[in-house]
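S.K.:
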Amino acid sequence: MFTRISVFATTKILNSLSTLRNIQSYSAVMSKFDLPDRLKGNEKSVWVEYIQLALKYKPLNLGQGFPDFHAPENVTEALASVTTSDNPLLNQYTRGFGHPRLVNVIAKLYSKLLNRNLDANNEVLVTVGAYEALYTAFQGHTNPGDEWIIIEPFFDCYVPMVKCVGGVPRFIALKPRTTKGPLSSADWVFDRQELESLFNKKTKGIIINTPHNPVGKVFTLDELQFIANLAKKWNTLVISDEVYEWLVYEPYKHVRIATLPDMYERTITIGSAGKTFSVTGWKLGWAYGPENLLYNLKVVHQNAVICYYFLNVYFITFLKDENLKKAAEILMKWKSQQ
Ligand SMILES: Cc1ncc(COP(=O)(O)O)c(C=O)c1O
1 MFTRISVFAT
11 TKILNSLSTL
21 RNIQSYSAVM
31 SKFDLPDRLK
41 GNEKSVWVEY
51 IQLALKYKPL
61 NLGQGFPDFH
71 APENVTEALA
81 SVTTSDNPLL
91 NQYTRGFGHP
101 RLVNVIAKLY
111 SKLLNRNLDA
121 NNEVLVTVGA
131 YEALYTAFQG
141 HTNPGDEWII
151 IEPFFDCYVP
161 MVKCVGGVPR
171 FIALKPRTTK
181 GPLSSADWVF
191 DRQELESLFN
201 KKTKGIIINT
211 PHNPVGKVFT
221 LDELQFIANL
231 AKKWNTLVIS
241 DEVYEWLVYE
251 PYKHVRIATL
261 PDMYERTITI
271 GSAGKTFSVT
281 GWKLGWAYGP
291 ENLLYNLKVV
301 HQNAVICYYF
311 LNVYFITFLK
321 DENLKKAAEI
331 LMKWKSQQ
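Reminder that position 298 of the sequence shown reads as 298 in full-length UniProt numbering, one-by-one numbering, no gaps.
#1: Based on the DSSP secondary-structure assignment, which residues constitute the bridge partners of V238?
#2: How is the alpha helix (DSSP H) around V103 delimited, first residue to last?
#3: Under DSSP, the alpha helix (DSSP H) around L79 begins and ends at which residues?
#4: Answer yes if the stretch 163-175 comes into contact with the stretch 224-232, meaning at least three C-beta pairs across the two stretches below 8 Å, and no otherwise.
#5: Rounded to whole angstroms, what's the CA-CA distance from T19 to D37? Just pull it up for me.
#6: Checking the sheet assignment: what are the DSSP bridge partners for K175?
#7: Do you know how far the Cα of N117 is from the Cα of K108?
#8: Going by DSSP, what residues sit across from W148 in a beta bridge?
#9: Would you be able to state if there are at least three C-beta pairs under 8 Å between the stretch 279-291 and the stretch 116-134?
#10: Indicate whether the contact test is met: 3 or more Cβ pairs, each with one atom in the stretch 137-149 and one in the stretch 200-207, closer than 8 Å.
#11: For N15, which of helix, strand or coil comes out of DSSP?
#12: What separation, rounded to the nearest whole angstrom, lies between the Cα atoms of V168 and L134?
#13: Given a threshold of 16 other Cβ atoms within 10 Å of its Cβ, counted over all protein chains shown, does V82 qualify as buried or as exposed?
#14: Let me check understanding here. Comparing Cα to Cα, which of N292, V279 and F219 lies closest to residue 339?
#15: Apart from the five residues on each side of it in sequence, which residues of its chain come closer than 7 Å, Cβ to Cβ, to L260?
#16: Is D241 near ligand 1, going by C-beta to nearest heavy atom under 7 Å?
#17: Three or more beta-carbon pairs under 8 Å between the stretch 42-55 and the stretch 249-260, yes or no?
#18: For L125, which residues does DSSP report across the bridge?
#19: On a CA-only basis, which of V159, A137 and V248 is nearest G185? Give me that one, please.
#20: Tell me whether S85 is buried or exposed, calling it buried when 16 or more other Cβ atoms sit within 10 Å of its Cβ.
#21: Grab me the residues of L183's own chain with a C-beta within less than 6 Å of its C-beta, minus the 5 sequence neighbours each way, in chain order.
#22: May I ask you to list the residues that DSSP assigns as paired with S272?
#23: Please name the residue in I207, E196 and T179 whose C-alpha comes closest to that of F154.
#24: Would DSSP call W47 helix, strand or coil?
#25: Are T269 and E242 closer than 8 Å when you measure CB to CB?
#26: For a test of your reading of the model: does the CB of residue 359 fall under 7 Å from any non-hydrogen atom of ligand 1? Yes or no.
#27: Less than 8 Å between C-beta atoms, sequence neighbours within five positions excluded: which residues of the same chain meet that for M263?
#28: Verify whether the separation of the beta carbon atoms of Y159 and W188 is less than 8 Å.
#29: Using 8 Å as the threshold, is the C-beta distance between L297 and T142 below it?
Quick look at the structure:
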């Protein structure tokens, strides 16, 4: 009896040891496939989490913003006419950094607005939404340990994009000028001393977003000038996220920081057709800036996205409308008639 128990116990122990060893070797094998360190901390996304919650509880979803009105007909017709065109090339790969006709139109538009001649081939990059433009900018311009100044509240992807390349986000919050009486978006300001104290030798750049999501603040010339002076003093970049550039109402005026003295050289400006044309699902964005800065974005882009089908579609839209500004005006007029 004693012997039998002992053999039984020994077998059990051996089995558990072998199970343990198996578990250990299994976890050693599997840990090889864990999320790489550079992505740790980025597992959560408001898009994923809030959309799941919205599906479950069916609330009014203020988490993800998009227009709930149709795109103007000339925009959707342009898409239809391109996809059903007799020319099979319109449904094929195109130039990786943006269809020549599209980058030309974008360059023409911003050349006028910036009062300088943009080289369409070297100073414009078409991307999968502004999102990809932001991604290529952070990927292309960050070494581990580089600091990026981010103004709170901010569009959610800025921080994970900085962190996954080993960058370090440094935060400054917009704060209300007063706590009494009605507040407008213009009452949300950054403390100038605090911003100044964030700049240092490790600062790679600052990202600004004007008009601002979610506050709606339109940064003033004076505020942008202050930021520009710090960027020049510390020799840093500015990423200017201007996806809402056409949604500015009187008496406010959209100021492009790239137009301030000696700022074009250090600014990457990002735009998007999604908001302007009420076609956020089409995901067409762009970045423009000096050739040397855009080069880094292109290196990232060419190894990830290569080329984007909607380029083909969109260039027709842009050509039909001559330029973005005119298209935005058509959209606004059409919207006010609804
Ligand atoms: C401030 C800001 N930047 C960038 C984006 C991304 O734009 P896109 O849809 O063109 O990728 C958004 C979208 O909501 C945004 O609000």
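Don't be surprised by glycine CBs; every beta carbon is placed ideally from N, CA and C. Quick caveat: nothing in here was measured; it's all calculated off a predicted structure.
M.R.: Short version:
#1: Its beta-bridge partners are I206 and T267.
#2: That run of the alpha helix (DSSP H) goes P100 to L114.
#3: Judged by DSSP secondary structure, L79 falls within the alpha helix (DSSP H) whose first and last residues are E73 to T83.
#4: Because the criterion of three Cβ pairs below 8 Å is not met, the stretch 224-232 and the stretch 163-175 do not touch.
#5: C-alpha separation (whole angstroms): 29 Å.
#6: Answer is V189.
#7: Going by the C-alpha atoms only, they are around 8 Å apart.
#8: Paired residue(s): P169 and G205.
#9: Contact holds between the stretch 116-134 and the stretch 279-291, because three or more Cβ pairs, one in each stretch, are under 8 Å apart.
#10: Output reads yes: the stretch 200-207 touches the stretch 137-149.
#11: If DSSP states are grouped into helix, strand and coil, N15 belongs with the helices.
#12: Taking the straight line joining both Cα atoms gives about 16 Å.
#13: That one is buried.
#14: The shown model of the chain, from 1 to 338, leaves out residue 339, and the question about it has no answer.
#15: Only L224, Q225 and A228 meet the Cβ criterion.
#16: Checking the Cβ of D241 against ligand 1 gives yes.
#17: The stretch 42-55 vs the stretch 249-260: no contact.
#18: Bridge pairing for L125: A287 [DSSP].
#19: First, the residue type needs correcting, since residue 185 is Ser and not Gly in the sequence shown. When each option's Cα is compared against that of S185, the closest is V248.
#20: The Cβ neighbour count for S85, taken over all protein chains shown within 10 Å, is under 16; the residue is labelled exposed.
#21: Once the five neighbours on either side are set aside, the close Cβ partners of L183 are P176.
#22: The partner list for S272 (beta bridge, DSSP) reads G285.
#23: Comparing Cα-Cα distances from F154 to each of I207, E196 and T179, the minimum goes to I207.
#24: Helix at W47.
#25: Yes, Cβ-Cβ distance for T269 and E242 is below 8 Å.
#26: For the chain, the structure presents residues 1 to 338; residue 359 sits outside this window and is missing.
#27: Excluding sequence neighbours, M263 sits near A228, A231, K232, V238 and I257.
#28: The question names Tyr, but residue 159 in the sequence shown is Val. For V159 and W188, no; Cβs fall outside 8 Å.
#29: Cβ atoms of L297 and T142: not closer than 8 Å.
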